[in-house]
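K.L.:
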Amino acid sequence: MLSSPRNMFNTIALLVLFFSPMMLETSGLEVSLDRSFLPHKEGAPCSQLVCRVTGNSASVKSVTMSKVKVNGDPSELLAVTADAPEMDISVDTIRGNGTLRDNSAILYVDLSNVSSCQSEYVTCEISYTTESGQSEQAFSIAGPGKPSRFTATTQTHRETLLPVQEARPIRYKTGSPFLSELWFLGEKITKVEGKFETLSDRLDRRLSQNIDAVQSRAGTLENSVLERVSSVETDFSSRVSRLEDRVSSILLSESPDTSSDVAQSLADMERRLKDMRTELDGMNQSRAVYHGDQNQEEQPVLCERGMGFDVTKSYPAYITMPHKTINRQILCDTHTDGGGWIIFQRRTKGDLDFYRNWTSYKNGFGSIDGDFWLGNDVIHKLTDEHPYELRVDMRYQSKGWFAEYSSFRIDDESNKYRLHLGSPSGPAQNGKTDLSYHKNGDFSTFDRDNDLSSANCAVNCHGAWWYKDCRYTTLNGLWDDTSAKGVYWYTGSVRLYPYFTEMKIRKVKTGNTD
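See below:
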């Protein structure tokens, strides 16, 4: 990474441009527009759109998702209003649904027209009322253009809300107000890109200077350590030689006290050897710490949202750290979508049997640096004290899949660790046959049958889960098995038998509290 600092900071500049939260707080409104390009298959979506709106201090009146061609008028895809808070669409190559509830809205739209996916802008326009009662409008925009190639890896472009009223008034007298705003936004982006280019050059120079300084100090410290080790080794050899000579002379002596002198000399030599060995071990440990992967002072103390976007830090993808609420170690994902995810289920090796009883799942099992289940009591305690969102990451046939849920909570043991889920998103969900099917289901193990089936789903599926009757997903089944007992996830169109699974939670951003 350090070999090409300019490329790294050019990437950082783009991230700051499209993810900066500064604009989200000025209008009391938070909006994100996600656009995912999917592998092109006949009849399948080639692009998935998700618009999320949260009115913090503003009151959301309506949210409209539209597409617009260059030099063309906007074409409305889906809209929800205070009077019509739920809406579905299923026309030709467009499928979607949207809700506006509790001053928050979420719109999902799938496009299966390749031309639309490749060449059209997508906008999410919001009408809202400020705290002072003034009516305003704002929008987020994504596109145009297609990704570099349609591959098996999902490509996502995310845009952040630009409050229109702070940039300039909306002009509806033009033939296409969206194109007018796009033109103005293009000018703004050009200016910002210029500023980031200047900042990139400055950061590039500073980084190069810091790297040179660190490398120089590293060389000095390493030479110092090597000199000290060499000195100790030389002294060690010299002392051993002197002791050997002394022992030899005593053994050749005819003194009647020879045996006691030999014993005393050997004890003295053993003590000295032990002291020198301790000194050498201390030197080697100091050297190992210096050449370690990461300085202890750079380790984060909290697993929190946005830690992966901090350009001043370079954390490993996974870090173990203590968590005060549950008083135990956790495994933190620091990179995915900005990081801050607490992992409570992980299967990467398949060497740990997840077919366990109620008590095992209650207390947790496995190793934090391998496969494990964190424990239902711990998961309940975390999700009961603060709103959390859920992300499920999987790999199947060398492709990454994920599903996200806007909220996640499980009840306590007396309520059978019942599952509560929010709205789903991501390519591994369809809102019906994914984990959504298990919503409000009770947790079951082979010795505690809480499912709705006449059979014992935990036994039939060789695991433990919120089964219902019996499952569309189960990530605690038999590893590397494609039968009904295997690890399984159904997206609605694809049946996954993943060889890598992670279930992780992150605090939901509510107001000024992360």
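When the letters of the sequence shown are read in order and numbered with mature numbering (1 follows the signal peptide of the UniProt record, and there is no 0), they come out as residues -28 to -1, 1 to 486. Where is the CB? At the ideal position from N, CA and C, for every residue including glycine.
1. Would DSSP call M279 helix, strand or coil?
2. Among the residues of its own chain, which have a CB less than 7 Å from the CB of K388, if the five just before and after it don't count?
3. Are the C-beta atoms of S91 and some chain D residue less than 8 Å apart?
4. So, using beta-carbon positions, are R24 and R277 closer together than 8 Å?
5. State buried or exposed for Q401, treating a residue as buried only when at least 16 other CB atoms are found within 10 Å of its CB.
6. Suppose the cutoff is 7 Å on Cβ atoms and the five residues either side in sequence are ignored; what does the same chain contact list for V431 look like?
7. Would you mind sorting P294 into buried or exposed? The rule is 16 or more other CB atoms within 10 Å of its CB.
8. Terminal residues of the continuous alpha helix (DSSP H) containing T355?
9. Check S408 in the structure and name its three-state DSSP category.
10. With a Cβ-Cβ cutoff of 8 Å, do V81 and I66 count as a contact?
11. On the criterion of 16 or more Cβ atoms from any shown chain inside 10 Å, does I161 qualify as buried, or is it exposed?
12. Report back the beta-carbon spacing between Q404 and L393 to the nearest angstrom; my notes put them in contact at under 8 Å.
13. Could you tell me the distance, in whole angstroms, from the CA atom of K118 to the CA atom of L21?
14. Once DSSP output is grouped into helix, strand and coil, what is the label at C18?
15. With DSSP as the reference, label V94 as helix, strand or coil.
16. Using C-beta distances below 6 Å, list every residue in its chain close to E58, excluding the 5 sequence neighbours before and after it, in chain order.
17. Can you grab the Cα-Cα spacing for the pair Y333 / L303, in whole Å?
18. Report the option in N299, I298, S339 and R177 whose CA atom is closest to the CA atom of Q317.
19. Among the residues of its own chain, which have a CB less than 7 Å from the CB of V480, if the five just before and after it don't count?
20. Looking only at its chain, what residues have a beta carbon closer than 8 Å to the beta carbon of R300, apart from the 5 residues adjacent to it on each side?
21. Quick one: is E108 buried, meaning 16 or more other Cβ sit within 10 Å of its Cβ, or exposed?
22. Rounded to a whole number of angstroms, what is the C-alpha to C-alpha distance between S395 and Y377?
23. Do you know how far the Cα of C442 is from the Cα of L391?
24. For a test of the three-state rule: what should DSSP assign to I161, helix, strand or coil?
25. Which residues does DSSP pair with P396 in a beta bridge?
26. What runs of the alpha helix (DSSP H), each 4 residues or longer, lie entirely inside the region 407 to 454?
27. If contacts are defined as beta-carbon pairs under 8 Å, then Y100 and G27 qualify, I think. What distance do you get, rounded to the angstrom?
28. For R363, write down the residues that DSSP places opposite it in a beta bridge.
P.N.:
Reading from the atomic positions:
1. Looking up residue 279 in the sequence shown gives position 307. Here M279 carries a helix assignment [DSSP, helix/strand/coil].
2. Counting from one through the sequence shown, the residue named residue 388 turns up at place 416. D414, F415 and N422, listed in sequence order.
3. Absent from the structure: chain D. Only one protein chain is present.
4. The residue you call residue 24 lines up with position 52 of the sequence shown. The residue you call residue 277 lines up with position 305 of the sequence shown. No. Outside cutoff.
5. Position 429 of the sequence shown, counted from the start, is the residue given in the question as residue 401. Around the C-beta of Q401, 16 or more other C-beta atoms lie within 10 Å, and the residue is accordingly described as buried.
6. Looking up residue 431 in the sequence shown gives position 459. If we look at V431 and ignore the five residues flanking it on each side, its Cβ neighbours are F418.
7. In the sequence shown, the residue the question calls residue 294 occupies position 322. Exposed: under 16 other Cβ atoms inside 10 Å.
8. On the sequence shown, position 383 is the one that residue 355 refers to. Segment N348 to E357, the alpha helix (DSSP H) holding T355.
9. By 1-based counting over the sequence shown, the position of residue 408 is 436. It is helical.
10. In the sequence shown, residue 81 corresponds to position 109, counting from 1. In the sequence shown, residue 66 corresponds to position 94, counting from 1. Going by beta carbons, V81 and I66 fall inside the 8 Å limit.
11. Mapped onto the sequence shown, residue 161 falls at position 189. With fewer than 16 other CB atoms across the displayed protein chains lying within 10 angstroms of its CB, I161 is exposed.
12. Reading the sequence shown from its first residue, position 432 is the one you call residue 404. Reading the sequence shown from its first residue, position 421 is the one you call residue 393. For clarity, residue 404 is Lys in the given sequence; the question names Gln instead. In fact, because the Cβ distance is near 12 Å, the residues do not count as touching under 8 Å.
13. Sequence index remark: in the sequence shown, residue 118 carries index 146 (1-based). Sequence index remark: in the sequence shown, residue 21 carries index 49 (1-based). Because the pLDDT at K118 is just 39, under 50, the model does not fix this residue reliably, and the value given afterwards should be weighed accordingly. Going by the C-alpha atoms only, they are around 14 Å apart.
14. Within the sequence shown, residue 18 is the residue found at index 46, counting from 1. Judged by DSSP in its simplified three-state form, C18 adopts coil rather than helix or strand.
15. As a working note, residue 94 is residue 122 in the sequence shown. Here V94 sits in strand by DSSP.
16. The residue given as residue 58 occupies position 86 in the sequence shown. In its chain, beyond the 5 residues on either side, T71 have a beta carbon closer than 6 Å to the beta carbon of E58.
17. Position 361 of the sequence shown, counted from the start, is the residue given in the question as residue 333. Position 331 of the sequence shown, counted from the start, is the residue given in the question as residue 303. Whole-angstrom Cα-Cα distance: 17 Å.
18. Residue mapping note: residue 317 aligns to position 345 of the sequence shown, counting from 1. When only C-alpha atoms are compared, the closest one is S339.
19. By 1-based counting over the sequence shown, the position of residue 480 is 508. Answer for V480: P359, Y360, E361 and S379, listed in chain order.
20. Walking along the sequence shown from the start, residue 300 turns up at place 328. Annotation for R300: P294 and V350 place their beta carbon closer than 8 Å to its own, counting only its chain and skipping 5 residues before and after.
21. What you label residue 108 is simply residue 136 of the sequence shown in a count that begins at 1. It is buried - the Cβ of E108 has at least 16 other Cβ atoms within 10 Å.
22. On the sequence shown, position 423 is the one that residue 395 refers to. On the sequence shown, position 405 is the one that residue 377 refers to. Answer to the nearest angstrom: the Cα atoms are 5 Å apart.
23. Position 419 of the sequence shown, counted from the start, is the residue given in the question as residue 391. Position 470 of the sequence shown, counted from the start, is the residue given in the question as residue 442. Looking at the two C-alpha atoms, the distance is approximately 15 Å.
24. Stepping through the sequence shown from its first residue, residue 161 is reached at position 189. In this structure, I161 counts as helix in the three-state DSSP scheme.
25. By one-based count along the sequence shown, residue 396 stands at place 424. The partner list for P396 (beta bridge, DSSP) reads Y377.
26. Qualifying alpha helix (DSSP H) stretches, in chain order: 429 to 432.
27. Along the sequence shown, one-based indexing puts residue 100 at 128. Along the sequence shown, one-based indexing puts residue 27 at 55. Contact holds; Cβ gap of about 6 Å.
28. On the sequence shown, residue 363 is found 391 positions in, with the first residue counted as 1. DSSP links R363 through a beta bridge to E376 and K476.
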